[in-house]
Amino acid sequence: MWQDISAQTMGKLAEALTALLDAGRRQGVLRGDVDARDVILLSWYLAHVERAEWDERAPRLLSVLLDGLSVR
Numbered sequence: 004m005w006q007d008i009s010a011q012t013m014g015k016l017a018e019a020l021t022a023l024l025d026a027g028r029r030q031g032v033l034r035g036d037v038d039a040r041d042v043i044l045l046s047w048y049l050a051h052v053e054r055a056e057w058d059e060r061a062p063r064l065l066s067v068l069l070d071g072l073s074v075r
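Right under this line is the structure:
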């Protein structure tokens, strides 16, 4: 049961992220080679930073994630 809910939620999240990424690409501010799954996987990793490292590591990793989405 929880797996069905998780899959359904992940599908909705991927749809929403795809819409946001597509809008950013149309405006020329986001990379064209990044998809929703990339963002979900990177966000998953960020969410698993250990509590002891959070204050030091999380802001830097979030910055890398967001900067990495930008067009160069």
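In this note's numbering, the protein residues as written are 4 to 75. Even glycine gets a Cβ: it sits at the ideal position worked out from N, Cα and C. Since the structure is predicted, the reported quantities are computational estimates derived from the model, not experimental observations.
Check: Could you tell me the boundaries of the alpha helix (DSSP H) in which residue 73 lies?; Outcome: Element bounds for residue 73: n/a, residue is neither H nor E.
Check: Quick check: the Cα distance between residue 53 and residue 60, rounded to an integer number of angstroms?; Outcome: 9 Å
Check: So the alpha helix (DSSP H) residue 40 belongs to, where does it begin and stop?; Outcome: 39-50
Check: May I have the straight-line CA-CA distance separating residue 68 from residue 34, to the nearest angstrom?; Outcome: 12 Å
Check: Can you tell me the Cα-Cα spacing of residue 16 and residue 36, whole angstroms?; Outcome: 18 Å
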